[in-house]
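Read the structure below first, then the notes.
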Amino acid sequence: MRICVAGGAGYIGSHVSHAFVHAGHDVVVYDNLSTGLRSSVPAGTKFVHGDVSDPLLSRKTLEGCQALVYLAAFKNAGESMIDPIKYTRNNLQATLSFLDAAIEVGVKYVIFSSSAAVFGDSQYLPLDENHPKEPSNYYGFTKLEIERVLAWYDKVLGLKSASLRYFNAAGYDPEGKITGLERNPANLIPVVMEVACGMRSGMQVFGTDWNTKDGTCLRDYIHVTDLADAHLRALGHLEKGEATFAVNLGTGRGHSVLEVIQAAESVTGRKVNYQTVGRRAGDPESLWASGEKAKELLGWVPRHSSIESIVLTTWNAYKANGMVV
Ligand code: WQD
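Residues in the sequence shown are numbered from 0 upward in steps of one, following our numbering.
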């Protein structure tokens with residue numbers, strides 16, 4: 000099937016692009032390279048250097064595609080609370096413009112990169128799909144809005160879609176084929192790696208006064224290879240004529256910030272210097288997913304998402320880029 004992967008040169012997007020190419024699909028990657036890397040696009044795969052806000056180029060690229068996998072969005076929850084307009088323009092306006100182009104050219108299936116951030120503070124754990132959706136940061140709001148538009152596009156237009164709510168995406172291709180590092184990362188795992196390899200002299204731990212086992216926030220770190228597998232399964236599910244759905248993608252357990260730091264020190268053999276500071280705006284205390292619906296609906300079970308594998312594969316990516324001396 001001809002599939003457009005919008006944002007397919009990004010950290011998560013490149014893992015998704017590779018998975019669809021490996022599965023034999025005819026993939027075209029559309030990316031503005033604002034955060035993605037041209038070198039992360041699978042070799043030999045058609046690439047269009049464009050912005051999702053460009054209606055003409057979007058439409059031209061989508062011509063002939065039966066499916067759209069949409070990952071072109073900014074994903075820094077903290078940043079979205081400082082510069083919400085940047086997130087309105089890209090995660091809402093441009094995303095809707097791209098979806099319009101997809102509908103105009105007759106795309107049949109949409110796989111949408113959503114996020115655990117749609118839930119906000121957890122009222123119970125693990126988070127299942129019925130949990131109230133009250134985002135605690137603007138990034139999560141933008142993701143929830145697009146989910147709701149897609150639900151209406153099915154009701155009114157019959158467009159079938161899958162909204163995949165990634166918990167904390169992390170790790171790198173275990174086979175080492177994808178090593179594109181994020182530039183100026185803000186997420187915990189790459190920040191810890193940059194401290195471990197000396198790119199940063201230290202890091203900040205945002206809050207040690209949470210009501211958790213060690214006072215730091217808990218998150219469900221899910222390997223990008225497991226996430227990519229879920230995208231393939233989601234498309235297969237829609238192709239069978241199944242209904243539009245949203246599903247949580249996580250491991251079912253949470254790790255604290257300090258546990259991640261300890262795992263990184265153990266795997267890398269390096270000290271990770273950190274300073275404890277106040278809480279970060281918009282941070283929920285604990286988030287981890289129930290994977291029951293993803294397992295039941297898609298037969299999806301994460302296989303690469305131990306914290307050790309996540310840290311080791313990320314460390315290997317930093318080594319592959321010559322960052323570890
Ligand atoms: C994790 C924890 C921080 C950096 C992410 C993505 C978002 C979405 C949801 C995909 C938090 C703490 C972090 C640092 C720290 N994913 N931290 N020092 O905020 O859970 O959101 O998952 O859609 O794209 O942003 O992830 O990695 O920023 O933070 O103490 O230098 O680590 O406070 O508790 P977050 P994160």
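Glycine included, C-beta positions come from ideal geometry on N, C-alpha and C.
Item	Value
With hydrogens ignored, establish whether the beta-carbon of residue 172 is closer than 6 Å to any heavy atom of the ligand WQD.	no
Taking the alpha carbon of residue 275 as the point to measure from, which residue in 257, 169, 192, 179 has its own alpha carbon closest?	257
When the Cα of residue 219 is compared with those of 155, 77, 294, 168, which residue comes out closest?	168
Suppose the cutoff is 7 Å on Cβ atoms and the five residues either side in sequence are ignored; what does the same chain contact list for residue 369 look like?	With the chain covering 0 to 324 only, the question about residue 369 has no answer from this structure.
For the beta strand (DSSP E) that residue 220 lies in, which residues bound it at each end?	220–222
Following the continuous alpha helix (DSSP H) through residue 267, name the residue where it begins and the one where it ends.	256–267
Consult DSSP for residue 303 and reduce its assignment to one of helix, strand or coil.	coil
Compute every distance between the C-beta of residue 114 and the non-hydrogen atoms of the ligand WQD, then say whether any falls below 6 Å.	yes
From the DSSP output, which residues share a beta bridge with residue 317?	According to DSSP, which records beta bridges pairwise, residue 317 is partnered with nothing at all.
Please indicate yes or no: does the CB of residue 202 lie closer than 6 Å to some heavy atom of the ligand WQD?	yes
What does the alpha-carbon distance come out to for the pair residue 212 and residue 150?	38 Å
Comparing the CB of residue 216 with every heavy atom of the ligand COA, is any distance shorter than 6 Å?	Questions concerning the ligand COA fall outside what the structure shown contains, since the ligands it does hold are the ligand WQD.
Which ranges would you report for the beta strand (DSSP E) in the segment 49–81 if only whole runs of at least 3 residues count?	66–69
Taking Cβ to Cβ, would you say residue 273 is nearer than 7 Å to residue 204?	yes
So, are the CB atoms of residue 267 and residue 299 less than 7 Å apart?	no
So residue 101 is in the alpha helix (DSSP H); what residue range does that whole segment cover?	94–104
So, is residue 123 buried or exposed, given that buried needs 16 or more other C-beta atoms within 10 angstroms?	exposed
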